[in-house]
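In the numbering used here, the protein residues as written are 635 to 1175.
A short worksheet on the structure shown next.
If you want it as structure tokens, here you go:
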């Protein structure tokens, strides 16, 4: 997009970097009363000082305070503190004392996104103007002199930076940045009690979504995909991209969506709500029976309902990108779609000994006459009362076993056989699962439990020697990080409670919630980033 508000993003990042610095009350949140009612995107940190206080109590903060971790971070932190730019930025933020921050964007099919960043500050007006000057200095050089416009007794300053026209103004304790003249005037009107148009706080969709999220979150995000898609599609067409009609129609069914993140003691919680009014309940819900296949040592347990009839089409799309991995799977997937589901589960474990991790897929039997194992080969010497079959595949044979309730698929015949045996105790008997029981019982569409401590300690412990060996071969890495001071797995693992995710369909949409040392959404982002970083470190670009 030609007029992306670069200045808004830069200032936002600078201010968010100071989240943990300040401990001064920020007052009640006013952000949704200042943002436009037709915002297609809205993000808000309601109380920066409170967020900083909450952070100090989280499991991540406890990890950062460990002597081993502090020793490992000593070298990169020293480089950060020595940077004149970082010192200047921190000084600006310390004086500015931000309290409430929001970013809102509006759009229409015929125009680019219009965005506005609002910052409530408790420093002096001059401190805000210093932050504005820092932001402008980071942009392309301004064309010509700044222009000033008086509006209802307030001053609006306008500068031109390439394609970006940056408008800034101050009203009381609020400062505004935007790439659109009308947006800053509307914000000034609302901040001074002269609003001529309704704010986001009066939007019925916004009100519906936030009632399904946490009260007093540390971060709130609201999105109206139905409206944003039209603008995104227009941009896509302008650069020659072609939209997939089925995907567009599916996205437009979501009238609004929201997410909230909150630090609660050692836990970080998140909640998401997708508003689809009149969508109705689920035809099939989780029966909570598959947990009988677990043991107290189960590391991963995911239970969900799935539209099995769509599996053949999904495989066809996957085969376009991964033809070798999907070769020969079409008959298998077709049999699954006709005879099993819609409930299934993922069950994983990471043994403490030298055994390989195991991952099993469990599916409820729907049509016993459509058995996947009718033509499969029985593995000789199968243990237990249920025979284990072998389904050939070019990359790796699949072991499978079935009783009257479940079909189990995996790569390890022993694990497949043991899953169908009667267990005297299951994951529900694990002490670490007790705080997840309520979320498990209340979920009707999806649930996931991840023993974060076990996953981290055994994964990190396995790759630690590899990282140290790689550092010995790459001097550049040792200059940036003191690899010999990497903390031991238990030092970090002791602060990692399980991650729990639940999903529930209600009359007007879908609600998702998770909690842990990081939330499920954060874990997926971190896992992807860590994987990419490790790949870059070990194998290069």
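For every residue, glycine included, the Cβ atom is placed at its ideal position computed from N, Cα and C.
For residue 775 and residue 781, the rounded distance between their alpha carbons: In the chain shown, counting from the first residue as 1, residue 781 sits at position 147. In the chain shown, counting from the first residue as 1, residue 775 sits at position 141. For residue 781 and residue 775, the gap between their C-alpha atoms comes out near 15 Å.
Residue environment, residue 997, which counts as buried when at least 16 other CB atoms sit within 10 Å: Mapped onto the chain shown, residue 997 falls at position 363. The residue is buried, with at least 16 neighbouring Cβ atoms inside 10 Å.
Straight-line gap, residue 1052 to residue 970 (C-alpha atoms, nearest Å): Residue 1052 sits at position 418 when you count from the first residue of the chain shown. Residue 970 sits at position 336 when you count from the first residue of the chain shown. Each residue's alpha carbon lies about 22 Å from the other.
Proximity of residue 984 and residue 927 at Cβ, strictly below 8 Å: In the chain shown, residue 984 corresponds to position 350, counting from 1. In the chain shown, residue 927 corresponds to position 293, counting from 1. Contact: no.
Cβ-Cβ separation, residue 1133 to residue 1150 (assumed contact under 8 Å), whole Å: The residue you call residue 1150 lines up with position 516 of the chain shown. The residue you call residue 1133 lines up with position 499 of the chain shown. About 3 Å; that satisfies the 8 Å criterion.
Straight-line gap, residue 844 to residue 811 (C-alpha atoms, nearest Å): Numbered from 1 along the chain shown, position 210 holds the residue referred to as residue 844. Numbered from 1 along the chain shown, position 177 holds the residue referred to as residue 811. C-alpha separation (whole angstroms): 25 Å.
Which listed residue (829, 753, 837, 1005) has its alpha carbon closest to that of residue 968: What you label residue 968 is simply residue 334 of the chain shown in a count that begins at 1. With distances taken between Cα atoms, residue 968 lies closest to 1005.
contact_flag[the region 779 to 796, the region 831 to 845] where n(CB pairs < 8 Å) is 3 or more: They do not touch, by the three-pair rule.
Buried or exposed (CB count within 10 angstroms, at least 16 for buried), residue 816: Reading the chain shown from its first residue, position 182 is the one you call residue 816. Residue environment: residue 816 is assigned as exposed (fewer than 16 neighbouring CB atoms within 10 Å of its CB, all protein chains considered).
For residue 1067, the nearest candidate out of 1140, 935, 1124 (CA to CA): Position 433 of the chain shown, counted from the start, is the residue given in the question as residue 1067. Out of 1140, 935, 1124, 935 has the C-alpha closest to the C-alpha of residue 1067.
Local Cβ density within 10 Å of residue 662, reported as buried at 16 or more and exposed below that: Looking up residue 662 in the chain shown gives position 28. In this predicted model, residue 662 has a pLDDT of only 32, less than 50, meaning its place in the structure is not dependable; the value taken from the coordinates is given anyway. Under this definition residue 662 is an exposed residue.
Assigned exposure category for residue 1154 - 16 Cβ within 10 Å defines buried: On the chain shown, residue 1154 is found 520 positions in, with the first residue counted as 1. The residue is buried, with at least 16 neighbouring Cβ atoms inside 10 Å.
Proximity of residue 1081 and residue 1135 at Cβ, strictly below 8 Å: Locating residue 1081 in the chain shown gives position 447, counting from the first residue. Locating residue 1135 in the chain shown gives position 501, counting from the first residue. The answer is yes: Cβ separation under 8 Å.
Own chain residues within Cβ distance below 6 Å of residue 828, not counting five before or after: For the purposes of this step, residue 828 is identified with residue 194 of the chain shown, where counting begins at 1. The beta carbon of residue 828 sits closer than 6 Å to none of the beta carbons in its chain outside the five residues before and after it.
Assigned exposure category for residue 1148 - 16 Cβ within 10 Å defines buried: In the chain shown, counting from the first residue as 1, residue 1148 sits at position 514. Buried: at least 16 other Cβ atoms inside 10 Å.
Nearest to residue 920 (by Cα), restricted to the options 1023, 699, 977: Here the question's residue 920 lines up with position 286 in the chain shown. Closest option to residue 920, judged by alpha-carbon separation, among 1023, 699, 977: 977.
Residue 691 burial status per 10 Å Cβ neighbour count (16 or more: buried): Translated into positions along the chain shown, residue 691 becomes position 57. It is exposed - the Cβ of residue 691 has fewer than 16 other Cβ atoms within 10 Å.
Contact under 8 Å by Cβ, residue 999 with residue 942: Along the chain shown, one-based indexing puts residue 999 at 365. Along the chain shown, one-based indexing puts residue 942 at 308. Cβ distance not < 8 Å, so residue 999 and residue 942 don't count as in contact.
Residue 664, buried or exposed, once every other Cβ within 10 Å from all chains shown has been counted against 16: Taking the first residue of the chain shown as position 1, residue 664 is located at position 30. Counting the other Cβ atoms within 10 Å of the Cβ of residue 664 gives 16 or more, which makes it buried.
Buried versus exposed, by CB contacts within 10 Å (16 or more), residue 1079: What you label residue 1079 is simply residue 445 of the chain shown in a count that begins at 1. It counts as buried.
Contact the region 669 to 686 vs the region 830 to 837: 3+ CB pairs below 8 Å: Touching, yes, given that three or more Cβ pairs across the two stretches are closer than 8 Å.
Residue range of the alpha helix (DSSP H) that includes residue 681: By 1-based counting over the chain shown, the position of residue 681 is 47. Unbroken run through residue 681: none, as it is neither H nor E.
Near the ligand GDP: residue 954 beta-carbon under 7 Å from a heavy atom: Absence of the ligand GDP is noted for the structure shown, with no ligands found whatsoever.
Rounded C-alpha distance that separates residue 682 from residue 1117: Translated into the one-based positions of the chain shown, residue 682 becomes position 48. Translated into the one-based positions of the chain shown, residue 1117 becomes position 483. Per the coordinates, the alpha-carbon of residue 682 lies some 34 Å from the alpha-carbon of residue 1117.
Among 779, 699, 667, nearest to residue 1121 - alpha-carbon criterion: Numbered from its first residue, the chain shown carries residue 1121 at position 487. Nearest of 779, 699, 667 to residue 1121, Cα basis: 699.
Under the three-state DSSP convention, the category residue 968 falls into: For the purposes of this step, residue 968 is taken as the residue at position 334 of the chain shown. Helix.
Three-state secondary structure assigned by DSSP to residue 952: The sequence position of residue 952 within the chain shown is 318, counting from 1. Judged by DSSP in its simplified three-state form, residue 952 adopts helix.
Reduced DSSP category for residue 1099 - H, G, I as helix; E, B as strand; rest coil: Here residue 1099 corresponds to residue number 465 of the chain shown, with the count starting at 1. Here DSSP, grouped into helix, strand and coil, assigns residue 1099 to helix.
Which listed residue (741, 800, 721, 689) has its alpha carbon closest to that of residue 898: Here residue 898 corresponds to residue number 264 of the chain shown, with the count starting at 1. Each of 741, 800, 721, 689 was checked against the Cα of residue 898, and the nearest Cα belongs to 689.
Close-in-space but distant-in-sequence residues of the same chain around residue 802 (CB under 6 Å, 5 per side omitted): As a first step, residue 802 must be located in the chain shown, where it is residue number 168. Cβ within range, chain order: 766, 791, 811.
Residue ranges of each beta strand (DSSP E) within the region 1106 to 1158, 3 or longer: Taking only runs of at least 3 residues, the beta strand (DSSP E) segments lying wholly in the region 1106 to 1158 are 1133 to 1140, 1143 to 1150.
Endpoints, the alpha helix (DSSP H) within which residue 1073 is located: The count along the chain shown starts at 1 and reaches residue 1073 at position 439. That run of the alpha helix (DSSP H) goes 1071 to 1076.
DSSP-derived helix/strand/coil call for residue 1049: Sequence index remark: in the chain shown, residue 1049 carries index 415 (1-based). Shown here, residue 1049 sits in a helix according to DSSP, grouped into three states.
Backbone secondary structure at residue 932 - three-state DSSP: Looking up residue 932 in the chain shown gives position 298. When secondary structure is reduced to three states using DSSP, residue 932 falls in the coil class, being assigned neither helix nor strand.
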